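Q:
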Amino acid sequence: MRFLAFTGLALATLATPAISQSSGQGEIAVTIYNNNLALVQDTRRLNIPSGRSVQTFPGVSGQIRAETVGFNAANTGIVEQNFDYDLLSPQKLMEKAVGETVTIVRINPATGRETRERAKVLAANGGVVLQIGGRIEVLRDDRLPTRVIFDKVPNNLRARPTLSVTLNSTRSGTRPAQLSYLTGGMGWKADYVALFDESAGKMDVQGWVTLTNNTGTTFNDAKTLLVAGTPSVNGQRSSNRRNNIRRAGTESANRESLGDFYLYPLAARTTIANAQTKQVSFLDVTGASAQKAYEFTNRWLGTQNEPQSAATVLQFSASADGGLGDALPAGTVRVYMKDASGQPQFIGENNIGHTPMGSELGLKTGEAFDVKVKPTVTERRRLSSTKWRSAMSYELTNARSTPVTVSLIQDGLDFYWSDTRIVDESLKSQRRSSNSIIWKVPVPANGRATVTATFETRF
60 MRFLAFTGLA LATLATPAIS QSSGQGEIAV TIYNNNLALV QDTRRLNIPS
110 GRSVQTFPGV SGQIRAETVG FNAANTGIVE QNFDYDLLSP QKLMEKAVGE
160 TVTIVRINPA TGRETRERAK VLAANGGVVL QIGGRIEVLR DDRLPTRVIF
210 DKVPNNLRAR PTLSVTLNST RSGTRPAQLS YLTGGMGWKA DYVALFDESA
260 GKMDVQGWVT LTNNTGTTFN DAKTLLVAGT PSVNGQRSSN RRNNIRRAGT
310 ESANRESLGD FYLYPLAART TIANAQTKQV SFLDVTGASA QKAYEFTNRW
360 LGTQNEPQSA ATVLQFSASA DGGLGDALPA GTVRVYMKDA SGQPQFIGEN
410 NIGHTPMGSE LGLKTGEAFD VKVKPTVTER RRLSSTKWRS AMSYELTNAR
460 STPVTVSLIQ DGLDFYWSDT RIVDESLKSQ RRSSNSIIWK VPVPANGRAT
510 VTATFETRF
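In case it helps, the working numbering puts the sequence shown at residues 60 to 518.
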């Protein structure tokens, strides 16, 4: 529905309604969490009269959680608060004018003569119906220069999301007042750019804070603090993302903490514009140790009909000794390598969760082109009413001109069966858990390797 989209139709200057008192944004501090949540603290100087008064706060977030509003000013208490989010627009203005009288201005395109008529707005559903004198007329897009003049802006329409607070003060005068509230629509995550040098076994990593604001409001010159962690909201836990931590670290990061969360303050005040993505650097490491590895996981004691690609995995550490040397907030790691001409090329990405300093990580960046694994059940035999014997063969092939070592993982030992044990194997395995074992299999350049194992299971 386009109430004021007619050719030549314009909105005339509107009379501003009387507002008790108004104040723009003051000194802003914003604390932003990972789970689409932020704490806004807005300190303004207000002229508060003695007794009861209404203070309006334009420029608050359009996604303010009104039940979290806090207000603090000397000698002042809150009586009532209201959040007006019905925003001023031509469509809303016409809807609120139903039953009211407006002025219709038309210009004759041939003579340029202007005519004005008072009209009562009868309806604004799918179009505007007017009563002009004794006739009923539909306001149409007939390409004639036409505009509508409204006498006033309705009190419950706001140009911006506005919080109004009824106060009771024991004295009059200007004083600082702090407004605080939680809001949705704002969050941040970390993005990492890693340049991996396979031959040197090193990588350079640049860490970026990626901050987004979809609150409907711009926060000007804000002191900004980022919290790496996910506080519980309404008793709900955040979903656990795959964190790719192979071994959790035990080193303490040199960062301020808040409870069990790490803090990442921005070095300088910044304007967080609405509908904006902002990036700020927080990590810059050169020459951290890193290496490429190959992994393949067979999910159960079964046959794959075709050879499967091994996963390419980038292994590195967050430790102070040779690693990235910091606690790593959750985000996406994008990995690049230089080609023969020296140009960095993208080779894959993966996510990490909140990672303690000193942790060892393994990020799958893709599927290996030249390294394949084919698991095969060579025998499955019933030994008794509850016991089975399964003989497995794993053929690994390497079409690369250099030898590789593949971490061959057999999962599902405790999921599909119980009381699983290995009765024979051609290469010594390591038990990762009751459900999983791993072999470190060397595969020669342009060659093959075979691992065999026999399992006894109950079910």
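In this text, a Cβ means the ideal position worked out from N, Cα and C, and glycines have one as well.
Note that the structure is predicted; figures quoted are calculated from it, not measured.
Can you name the start and end residues of the beta strand (DSSP E) that Gln150 belongs to?
A: Gln150 -> not in any beta strand (DSSP E); alpha helix (DSSP H) instead, spanning Pro149 to Lys155.
Q: Based on the DSSP secondary-structure assignment, which residues constitute the bridge partners of Gln338?
A: According to DSSP, Gln338 bridges with Thr269.
Q: Please list, in chain order, all residues of the same chain as Ala508 whose beta carbon is under 6 Å from its beta carbon, the five residues on each side excluded.
A: Excluding residues within five positions, the ones whose Cβ falls inside 6 Å are Leu455, Val500 and Val502.
Q: Does the beta-carbon distance from Arg103 to Thr233 come in below 8 Å?
A: No, these two residues do not count as a Cβ contact at 8 Å.
Q: Terminal residues of the continuous beta strand (DSSP E) containing Ala508?
A: Segment Gly506 to Arg517, the beta strand (DSSP E) holding Ala508.
Q: Using only CA atoms, which one of Val113, Ser311, Asn457 and Lys211 lies nearest to Asp429?
A: That would be Asn457, whose Cα lies nearest to the Cα of Asp429.
Q: My output table needs one value for Thr127: the three-state DSSP class, helix, strand or coil.
A: Thr127: helix per DSSP, three-state reduction.
Q: State the beta-bridge partners of Arg230 as determined by DSSP.
A: Answer is none; Arg230 lacks a bridge partner.
Q: Helix or strand or just coil, what does DSSP make of Gly136?
A: Three-state result, Gly136: strand.
Q: If you draw a straight line from the C-alpha of Ile468 to the C-alpha of Pro434, how long is it?
A: Approximately 11 Å, taken between the alpha carbons.
Q: Throw me the rounded Cβ distance for the Leu360 and Val264 pair, which I believe falls under 8 Å.
A: Their Cβ separation, rounded to whole angstroms, is 39 Å, which puts Leu360 and Val264 out of contact at 8 Å.
Q: Just to confirm before moving on: does the CB-CB distance between Ser223 and Gln140 stay below 8 Å?
A: Yes. Within cutoff.
Q: Can you name the start and end residues of the beta strand (DSSP E) that Trp359 belongs to?
A: Neither: Trp359 is in no beta strand (DSSP E) and is coded neither H nor E.
Q: Would Ile411 be called buried (16 or more neighbouring beta carbons within 10 Å of its own) or exposed?
A: Buried.
Q: In angstroms with no decimal places, state the Cα-to-Cα distance between Asp319 and Ile137.
A: The alpha-carbon atoms of Asp319 and Ile137 are separated by roughly 33 Å.
Q: By DSSP, does Arg328 sit in helix, in strand, or in coil?
A: DSSP places Arg328 in coil when its eight states are reduced to three.
Q: Among the candidates Arg491, Ser492, Tyr453 and Phe514, whose CA atom is the shortest distance from the CA of Thr479?
A: Taking only the C-alpha atoms, the option nearest Thr479 is Phe514.
Q: Sorted by chain position, which residues of the same chain lie with C-beta nearer than 7 Å to Ser452's C-beta, five sequence neighbours on each side aside?
A: Excluding residues within five positions, the ones whose Cβ falls inside 7 Å are Thr435, Thr437, Thr509 and Thr511.
Q: Going by DSSP, what residues sit across from Ala88 in a beta bridge?
A: Gln100 and Lys282, per the DSSP bridge assignment.
Q: Taking all protein chains shown into account, decide if Val268 is buried (16 or more other Cβ within 10 angstroms of its Cβ) or exposed.
A: Result: buried.
Q: Given this structure, state the Cα-to-Cα distance separating Ile331 from Gln84, to the nearest angstrom.
A: Each residue's alpha carbon lies about 13 Å from the other.
Q: Hey, how far is the Cα of Gly193 from the Cα of Thr242?
A: So the two alpha carbons sit approximately 51 Å from each other.
Q: Can Phe255 and Ala349 be called in contact, C-beta distance under 8 Å?
A: Yes, they are a contact pair.
Q: Leaving out five residues on either side along the sequence, give the residues of the same chain with a beta carbon under 8 Å from the beta carbon of Asn494.
A: These residues qualify, in order along the chain: Asp470, Gly471, Leu472, Asp473 and Phe474.
Q: Going by beta-carbon coordinates alone, are Ala389 and Ala253 separated by less than 8 Å?
A: No; because the gap between Cβ atoms is not below 8 Å, this pair is not in contact.
Q: I need the boundaries of the beta strand (DSSP E) containing Ser495, first residue and last residue.
A: Looking at the DSSP string, the run of the beta strand (DSSP E) that includes Ser495 is Ser495 to Val502.
Q: Give me, in chain order, the residues of the same chain whose beta-carbon lies closer than 6 Å to that of Trp447; leave out the 5 immediate sequence neighbours on both sides.
A: So the qualifying residues of the chain are Arg441 and Thr516.
Q: Does the stretch 417 to 429 touch the stretch 355 to 370, meaning 3 or more C-beta pairs lie closer than 8 Å?
A: Flag = yes, the stretch 355 to 370 and the stretch 417 to 429 touch.
Q: List in chain order: all unbroken beta strand (DSSP E) runs of 3+ residues lying wholly within the stretch 423 to 472.
A: Segments of the beta strand (DSSP E) lying fully in the stretch 423 to 472: 446 to 457 and 463 to 469.
Q: Do you know how far the Cα of Gly260 is from the Cα of Lys431?
A: Whole-angstrom Cα-Cα distance: 23 Å.
Q: Terminal residues of the continuous beta strand (DSSP E) containing Met245?
A: First-last of the beta strand (DSSP E) with Met245: Met245 to Asp256.
Q: Under 7 Å Cβ to Cβ from Val392, same chain only, skipping five residues before and after it: list those, please.
A: Once the five neighbours on either side are set aside, the close Cβ partners of Val392 are Tyr251, Ala253, Glu408, Asn409, Ile411 and Leu422.
Q: If you run the structure through DSSP and keep just helix, strand and coil, what is Phe209?
A: In the structure shown, Phe209 sits in coil (DSSP, three-state: anything other than H, G, I, E or B).
Q: Please state whether DSSP places Asn299 in a helix, a strand or coil.
A: Residue placement at Asn299 is poorly supported in this model, since its pLDDT is 48, which falls under 50; the coordinates still yield a value, given next. It is coil, neither helix nor strand.
Q: Cα separation between Thr221 and Ala183?
A: One C-alpha to the other measures close to 25 Å.
Q: Pick from Thr225, Pro204, Pro415 and Val339: whose alpha carbon is nearest that of Gly288?
A: Of Thr225, Pro204, Pro415 and Val339, the residue nearest in Cα terms is Pro415.
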